[in-house]
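Report on the following structure.
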Amino acid sequence: MNEIEEKSFYQAMGRYRGILGWLISTDHKKIGIMYLGALLCFFSVGVTLGILIRLSLIAPGMFLSAQHYNQLFTVHGIVMIFLFIIPGIPVAFGNFLLPLMIGAKDVAFPRLNRFTWWLYLAGAFIVLLALATGGGPPDTGWTFYAPYSIESKTNVSLAVFGVFVLGFSSIFTGLNFVTTIHRMRAPGMEWFRMPLFVWTLYATGWVQILATPVLAITLLFIVLGRFIGIGFFDPTRGGDPILYEHLFWIYSHPAVYIMVLPAMGIISEIVPVFARKRIFGYHAIALSALAIASVGYLVWGHHMFTSGMSDTARVIFSFITFLVAVPSGVKIFNWVSTLYKGSIEVAAPLLFALSFIFLFSIGGLTGLIIGSLAPSLHLHGTYFIVAHFHYVMFGGAGFSFFAGLHYWFPKMFGKMYSEKWAKRGWFFLFVGFNVLYFSMFILGYEGMPRRYFEPPPQYHGWSVISTIGSWLLATGILIILSNLVRALFKGEKASANPWGGRTLEWTVSSPPPRENFIHGPVIATDPYGFEGKK
Amino acid sequence: MIEPLQAKGESGIDYTGKKIGMWIFLFTELLFFGGMFLLYSIFRAQYPSEFHISAREENLVLGTINTFALLTSSLFIALSIAAIRRGNKKQSLWLQGLTILCGIIFLVIKYFEWSEKIAKGIYPDSPVLLGMGSGETLFFGLYYMMTGIHGLHVLIGILVIAVMLHFTRQDTITSQNYVKLENTGLYWHFVDIVWIYLFPLFYLIT
Ligand SMILES: [Cu+2]
């Protein structure tokens, strides 16, 4: 039908050719592709660092000193959090797909979008520069807790400044997306006809807009604390380090939703397509995204149950933490109900999506264990937190990222990958992931302290198992990425709609033309009508 | 009923969209300053008497003049938008110029206020300030940070208005297409409002 040869956006050339042509392009699709490339690079760096951390933990002192170990896990955190998973899904898939999904030509502010991408590059460059200059890579942990971050001799200032710049990149992405969703929807695309991925991008956008500035100002005071002795977080000058923790988590808990909300959006797209069934409870999923985004602002205190806080505050924060789990539960219920009695096609994207549901449920439920006051006292300083965190971040956002990558790869690059190898890669990733991180739940429950360079000997057994898991996981990632890279060069040409999706991006050719839609689409139904289709 | 979602103005630009973008940006700014106001309120609750005493160091006269300078500048920029809407380019140019002038007056006065304090040895990390005690250190730390970051916003505002002045002269901003100037006005009002809060918090709490 739609298979007439059109020029794809890859062939559309501006004034310049080559890399410069890409860098100065305001095409949301090109920007999305560039982000995706950068994200995958930083992800690979982060994984490598993670493998080294695991390796050092089973052989402390063999090849890393304690100081290097501290720097390693700090950089692992900074790279994974600020360069990969926070920008993550919105900048890569959001940029590429948001205008396509709502039937628009581009985002509301294409030039701001390009500027945002440059800011991301600049922030990333500054962070990398911080590793090579001054006192070397920071050793504070990715949270930059004061007062140590003010005293550390390592190059904290530059790294923190890099994160500051990345923060603005994130804010402008949110601003652009929210405005785009308000103003650029095609005729007939009412709010409750929007694809659910768009809904989650909308909720995420607001979190980016309203939470990130708090982080920016907080980090600024760390830098100024180091340079001109502003002592807001320094107890020797009347300041309060706990205040830093509050301000940091006022941003960084909502930041969890910057990572996870769009991940949930991807799952909401994939599940109905591969179950060939209308999504169950569309309104509930859409509105629960907004509920998560708003209630998620009020739970930051659960990161500080052991830091010193009044009992009243702890009870309130614990209660709201339980509350925010409800809308997440609603979504899980809806996805499972969508699968129920569907004609399920177990393709690679669905495997990743199902893993998300499974792993995120574990991550979420263990979050409730540490969100309750009494267990939190026992578990807060242990590997239980590390395991929970990775189940939510990697098992949640990370797996969803890969789900989206496999789902939209044909659309983005116009090529099909090998389904067989995608599944093999998934298998190693899934098994490796659980071996790696579930061992940490056990270690943590038994009391193994986190951040230690040399764990007490009684934890050695599970530690070794966990490290073996990290190798399996890395094998999985290697298979997945090589499969996709191979597909880029040798893959078969993808059709416009290989999965039978009903959202708008599947109505244009793969890869899409420069202007997205030749005739502006007019929308008359919701995007999940699979009834009567094959 | 389907509303025309991609409604464009006569000039082909999405007027409402640009304004939504600006408003969202201002929310961001609000939270950016919000972090500082939060710090202020916590430290003030912790050191009420020290804050009370330190605030006497502030020069109330200069602070009041500055408040008037900014309020007037907000009036000027609002009038300049009204002027360009009526198509009165010359008047709009004049009013934008006056806005910049008020902004510069504000910064010059701020400069003298800061130098006066620095001459007394009161600046972050100074031995005099550290000798005064924790509450005072925090008060003046907040003073320098909040008025400093606000001053930076004023400076940026002045530069942006200067660009708008140029655009108006080049007829990029016209009676048909003045959303850039209007957004600049929104930003300038925001900067003004922040000062409206800073002024009592640092000058009037004695
Ligand atoms: Cu949290």
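From first to last, the protein sequence lines stand for chains A and X. For the first sequence, the numbering used here assigns the number 1 to the initial residue and increments by one for each residue that follows. For the second sequence, the numbering used here assigns the number 1001 to the initial residue and increments by one for each residue that follows. Beta carbons: idealized from backbone N, C-alpha and C, even for Gly.
Cβ of residue i within 8 Å of any chain A Cβ
| i | result |
| --- | --- |
| X:Gly-1021 | yes |
| X:Asp-1125 | yes |
| X:Met-1145 | yes |
| X:Ser-1134 | yes |
| X:Gly-1157 | no |
| X:Ser-1034 | The identity of residue 1034 of chain X in the sequence shown is Gly, whereas the question assumes Ser. Interface residue, yes. |
| X:Phe-1027 | yes |
Check: residue i C-beta below 7 Å from any heavy atom of ligand 1
| i | result |
| --- | --- |
| A:Val-299 | yes |
| A:His-253 | yes |
| A:Val-256 | yes |
| A:His-390 | no |
| A:His-302 | yes |
Chain X contact for residue i (CB, 8 Å cutoff)
| i | result |
| --- | --- |
| A:Ile-258 | no |
| A:Val-214 | yes |
| A:His-253 | no |
| A:Phe-317 | no |
| A:Arg-183 | yes |
| A:Arg-226 | no |
| A:Gly-167 | no |
| A:Thr-204 | no |
| A:Phe-161 | no |
| A:Ile-150 | no |
| A:Thr-218 | yes |
| A:Lys-533 | Residue confidence for A:Lys-533 is low, a pLDDT of 49 falling below 50, so the modelled location carries little weight and cannot support an answer. |
| A:Thr-179 | yes |
Member of the options whose CA lies at the smallest distance from the CA of residue i
| i | options | result |
| --- | --- | --- |
| A:Tyr-445 | A:Ile-369, A:Phe-192, A:Ser-288 and A:Gly-238 | A:Ile-369 |
| A:Ile-266 | A:Phe-144, A:Gly-396, A:Pro-235 and A:Glu-245 | A:Gly-396 |
| A:Gly-414 | A:His-406, A:Ala-132 and A:Trp-421 | A:His-406 |
| A:Ile-230 | X:Phe-1106, X:Val-1179 and X:Gly-1148 | X:Gly-1148 |
| A:Ala-108 | X:Tyr-1015, X:Leu-1038 and X:Asp-1192 | X:Tyr-1015 |
| A:Val-91 | A:Gln-208, A:Met-416 and A:Thr-507 | A:Gln-208 |
| X:Trp-1114 | X:Tyr-1143, X:Thr-1184, X:Tyr-1197 and X:Val-1154 | X:Tyr-1143 |
| A:Leu-473 | A:Val-336, A:Val-47 and A:Asp-234 | A:Val-47 |
| X:Thr-1137 | X:Ile-1100, X:Gln-1046 and X:Ile-1013 | X:Gln-1046 |
| A:Phe-356 | A:Val-386, A:His-390, A:Gly-371 and A:Trp-142 | A:His-390 |
| A:Gly-529 | A:Ile-150, A:Leu-36, A:Glu-269 and A:Ile-250 | A:Glu-269 |
| X:Gly-1035 | A:Leu-219, A:Ile-523 and A:His-303 | A:Leu-219 |
| A:Asn-70 | A:Arg-451, A:Tyr-145 and A:Lys-411 | A:Arg-451 |
| A:Ile-442 | A:Met-416, A:Tyr-383 and A:Trp-426 | A:Tyr-383 |
Residue i - DSSP class collapsed to helix/strand/coil
| i | result |
| --- | --- |
| X:Leu-1204 | helix |
| A:Glu-492 | strand |
| A:Leu-154 | According to the sequence as given, residue 154 of chain A is Thr; it is not Leu. Note: A:Thr-154 maps to coil in three-state DSSP. |
| A:Met-416 | strand |
| A:Tyr-510 | The residue you asked about is not Tyr; residue 510 of chain A is Ser in the sequence shown. Looking at A:Ser-510 - three-state DSSP - the assignment turns out to be coil, as it is neither helix nor strand. |
| A:Thr-140 | coil |
| A:Pro-449 | strand |
| A:Ser-372 | coil |
| A:Thr-535 | The structure shown has nothing for residue 535 of chain A, since chain A only spans 1 to 534. |
| A:Thr-133 | coil |
| X:Gln-1006 | Confidence in X:Gln-1006 is poor, its pLDDT being 42 and thus under 50, which makes the residue's placement unreliable; the coordinate value appears in the next sentence. Coil, per DSSP. |
| A:Thr-173 | helix |
| A:Ser-337 | helix |
| A:Ser-252 | helix |
| X:Ser-1207 | There is simply no residue 1207 of chain X to check, as chain X begins at 1001 and stops at 1206 in what is shown. |
| A:Thr-74 | helix |
| A:Ser-328 | helix |
| X:Met-1001 | For X:Met-1001, the pLDDT reaches just 29, beneath the cut-off of 50, and the residue's location in the model is therefore unreliable, although a value from the coordinates is still provided. The answer is coil: DSSP assigns X:Met-1001 none of H, G, I, E or B. |
| A:Ser-8 | strand |
Heavy atom of ligand 3 within 7 Å of residue i beta-carbon
| i | result |
| --- | --- |
| A:Val-324 | Although ligand 3 was asked about, the structure shown includes only ligand 1 as ligands. |
Cβ contact check for the stretch 46–60 of chain A and the stretch 72–85 of chain A: 3 or more pairs under 8 Å: yes
At least three beta-carbon pairs within less than 8 Å, the stretch 18–30 of chain A to the stretch 97–116 of chain A: Output reads yes: the stretch 97–116 of chain A touches the stretch 18–30 of chain A.
Given 8 Å, three or more beta-carbon pairs between the stretch 155–162 of chain A and the stretch 124–131 of chain A: yes
Any 3 or more C-beta pairs closer than 8 Å across the stretch 42–49 of chain A and the stretch 83–95 of chain A: yes
Stretch pair the stretch 300–309 of chain A + the stretch 238–253 of chain A: three plus CB contacts closer than 8 Å: Yes, the stretch 300–309 of chain A touches the stretch 238–253 of chain A.
Inter-stretch contact (C-beta, 8 Å, three-pair minimum) for the stretch 295–305 of chain A and the stretch 273–285 of chain A: no
Segment contact flag, the stretch 119–126 of chain A with the stretch 188–205 of chain A, C-beta cutoff 8 Å, min 3 pairs: no
The stretch 8–23 of chain A touching the stretch 504–518 of chain A, judged by at least three CB pairs closer than 8 Å: yes
Inter-stretch contact (C-beta, 8 Å, three-pair minimum) for the stretch 250–262 of chain A and the stretch 211–218 of chain A: yes
Inter-stretch contact (C-beta, 8 Å, three-pair minimum) for the stretch 1084–1095 of chain X and the stretch 1030–1043 of chain X: no
Cβ pair count under 8 Å reaching 3, the stretch 1121–1136 of chain X against the stretch 1064–1079 of chain X: no
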